[in-house]
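Counted the way the working numbering counts, the sequence shown spans residues 21 to 697.
We put the CB at the ideal spot given by N, CA and C, even for glycine.
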Amino acid sequence: MADIATRRSISFPAPRGPALLALALGSAAAILSLWHLSALLPAHRWAEALLAPDLTDMTQVLFHYSALPRLTMALLCGAALALSGALLQRVLRNPIAEPTTLGISAGAQLALGTATLYAPAAMEFSREAVALAGAAAAMLLVMALSWRQGLRPVSVVLSGLIVGLTCAALSATLILLNGEYLMSLFIWGGGSLSQQGWSDVLALLPRLALAGVAAVLLMRPLILLGLDDSAARGLGVALHATRFGVLLVAVWLAASVVSLVGIIGFVGLAAPTFARLAGARSPRQVMGWAPVIGATLLWLADGVTQTVAATQADLIPTGAMTAMLGGPLLLWMLPRLHALAGPTDAGTASTGIERDARHPWRLVAVLAVALPLLCWAALTFGTGPSGWTAATGDLFTQLLPWRAPRLAAGLCAGAMLATAGTILQRLTGNPMASPEVLGISSGAGLGFAALVLAVGTPSRMEQLAASTLGAAAALAVMLLLARRSSFAPERLLLAGVALAAFCGSVLGVIMASGNTRAFQLLGWISGSTYTLETSDAVLAAAVATVLILIVPVTARWLEILPLGETTARSLGVPLGSSRLSLVVLASLLTAAATLVVGPLSFVGLMAPHLARLIGLRRPLTHLVGATLLGAFLMGLSDWLSRTLAFPYQLPVGLFATLIGGPYLMWLLARPSGSKGG
């Protein structure tokens, strides 16, 4: 039966849909390219500029050494990323796998940034080798974290998101500590296709060709990997060797692209998905059409970038524009996705908690006592030119106005993010759900950024309203798209990834535009609390108090809704109004917290996991425990962010990510049996 299925898969007739889709994308991209090239140089002079450019004619020089290499690089990078994504999705049996979601691109970028600042000799020796080392390390870490879960799609992507966000936070830390490289590293990291010659094209072309040959040679094992492991092994597939070889090719392609142009997200996820949606069924068809669609998609995105940016095209990352184009398209097509996952289980990842704590409220009391102790330590102890000191007496009084507002605001933001994360995880029955992962924080950030650009200096209430609208819109779109699949984890995560990519790309374009108001967003995006005053802390405390006190009223809903619609209806829970109320509440909490610590944080994902880890599983104790843990984590982040890197002070939201990432990696790597409460 397996042989018959394999032969049918190989001989499946070539679909017309992918060809039509590639033709449509390519036609639109060609029209834009012809327009831009004609504006640069009349068409009758193209042949001369291509074959024998006049070096005294600047337009011919730009045509030959900038415009044409950029066009070619867009095609090559799009094809390489699409092939990398298709290989990753096949070998991991995971429709959401791609270099960005698995942390591969972020690992390569971190390695390149670190080598640029601290080991320039390694960069001179081989940028690609540095990028490959970082990408491979990230991929190996993701595999190690998800190995105990049998490489389940949800576990792999959760591990990839954690690794990717941690690497991104470390890269942002390097940028903030080296301000002179800020703009260049930011634009490069966003995926800039600007070229100054043909060297990058000539470097990537043979790599893409070799990877294509490798994919063809590995086609039969790739087809058989769609079966379960025992069947594939019975047909003679060396599973570990095949997976390692395919992963190496995919990681090498992604690292090569990152080393040349920076991170270009979404193409590796979108191209194979669009190929399947257009009718590609067999692995051979997907592997063949995904690079074509990826090339035309990135070509089109770069054309749109040059059209929108006009004279500032070199400052707008094409990678950001790719997500702006592909994100909404994937969101629109998401309800049409069918069973893309392989035979592995894509169900909700287990938290590893099998029983409640014997005395849950005692644990809550311990957390309640630990929080004020942390506040006392954070307000009293700090670092200075002479090392660690304890502020007492007049010194304590003098430092209190500087330390107390940012600490109080951080505590409130952490509590609100943790509460929102708990609501989302229980509402969807998905332990991966959190404001950060599902794009809700990014939506709040986009609403805030739009208000700042439109108004300039908005009031706090206006900021809260704009952020709430952004968060609510992102969450509503995500839930609407995932509803048809009964909030299946892979569908929910795919919607969240697309939303986060879109919102993040818009913020990236705003930041790279050079607008004077855009620079005001830099500190906020990284979670800086430097400028917070007492009034800001009071407002954050008031909003947090009001919103968090509402949550216990919803405890019954949060206990029943994860049991399913039938059970909820039989127990008299109003599905529509209860879900809407929880969505609005989570949006308000996320928006208010995002205003304080920015969109970059792991607290909304980590605090609910920590609460469950210690045995707080019932809705009310889970909520209270997660809220206290969220406040504790953000307070600890605020304290350490201003002391460990003295005289530098890292943004608290960024530092929270640096704390949360390693912890979640450790949690994922633990044996299931050791997580009991």
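In chain order, what residues of the same chain have a beta carbon less than 7 angstroms from the beta carbon of G693, not counting five sequence neighbours either side?
The predicted model places G693 with a pLDDT of 44, which falls under 50 and marks its position as unreliable; any figure quoted below should be read in that light. Closer than 7 angstroms at Cβ, skipping near neighbours: no residue.
Taking its Cβ as the centre, do 16 or more other Cβ atoms sit within 10 Å of E585, making it buried, or is it exposed?
exposed
Using a Cβ-Cβ cut-off of 8 angstroms (strictly less than) and excluding sequence neighbours within five positions of T193, which residues of its own chain qualify?
L670, L674, L678
Can you tell me the Cα-Cα spacing of W66 and S47, whole angstroms?
20 angstroms
How many whole angstroms separate the CB atoms of G441 and P628, which I take to be in contact at a CB cut-off of 8 angstroms?
5 angstroms
Using a Cβ distance threshold of 8 angstroms, determine whether the region 419-432 contacts the region 550-559, with at least three qualifying pairs required.
yes
Among T647, A100, E579, the one whose alpha carbon lies nearest that of W319:
A100
Just to confirm, is the Cβ distance from V281 to M93 under 9 angstroms?
yes
8 angstroms CB neighbourhood of H358 in its chain, flanking five on each side removed:
At H358 the pLDDT is 46, less than 50, meaning the model places this residue with poor confidence; the figure from the coordinates comes in the next sentence. Around H358: no qualifying Cβ.
Status (buried if at least 16 other CB within 10 Å, exposed otherwise) for M159:
buried
Counting along the chain, where does the beta strand (DSSP E) carrying T409 start and finish?
407-410
If we require 4 or more residues per run, which alpha helix (DSSP H) segments fall completely within the region 249-317?
249-254, 259-281, 287-297
For G404, the three-state DSSP class (helix, strand or coil):
strand
Three-state secondary structure (DSSP) at R147?
helix
Residues near M626 in its chain [Cβ-Cβ closer than 7 angstroms; skip 5 each side]:
L653, G680, Y683, L684
Please classify T677: does DSSP put it in a helix, a strand, or coil?
helix
Of the residues W218, M481, A131, V475, the one placed nearest L70, counting alpha carbons only:
W218
As an exercise, report each continuous alpha helix (DSSP H) stretch of at least 4 residues that is fully enclosed by the region 586-668, in chain order.
595-617, 623-633, 639-661
Beta-carbon proximity list for H56, same chain, < 8 angstroms, skipping 5 on both sides:
A87, G323, Q326, T327
Contact belief for L82 with L60 at Cβ below 8 angstroms, rounded distance in angstroms:
6 angstroms
If we ignore side chains and look at the alpha-carbon of each, how far apart do T400 and C432 end up?
20 angstroms
According to DSSP, is A689 part of a helix, a strand, or is it coil?
helix
So the candidates are A126, E482, A261; which of them puts its Cα closest to the Cα of L185?
A126
Take G592 as the anchor and find which of L600, L581, L602, S601 has the nearest alpha-carbon.
L581
Looking only at C-alpha atoms, which of I570, L499, E579 sits nearest to R446?
E579
State the DSSP-derived secondary structure class of A397, mapped to helix, strand or coil.
helix
Around the Cβ of G372, are there at least 16 other Cβ atoms within 10 angstroms (buried) or fewer (exposed)?
Low local confidence applies: a pLDDT of 39 at G372 is under 50, so the model's placement there is unreliable, with the coordinate-based value given in what follows. The residue in question, G372, is buried, as its Cβ has 16 or more Cβ neighbours within 10 Å.
Could you tell me whether the Cβ atoms of V306 and A42 are closer together than 9 angstroms?
no
Please go through the same chain and pick out, in chain order, the residues whose beta-carbon is closer than 7 angstroms to the beta-carbon of A270, but skip the five residues on each side of it.
S104, L107, L108
Assuming T439 is part of the alpha helix (DSSP H), what are its boundary residues?
413-448
Distance between G624 and T614 (C-alpha atoms, nearest Å):
11 angstroms
Determine the DSSP secondary structure at A188, reduced to helix, strand or coil.
helix
Once DSSP output is grouped into helix, strand and coil, what is the label at P140?
helix
Would you kindly work out how many angstroms separate the C-alpha atoms of W272 and V111, rounded to a whole number?
15 angstroms
Cα-Cα separation, V672 to A189
11 angstroms
Are the Cβ atoms of P572 and L656 separated by less than 9 angstroms?
no
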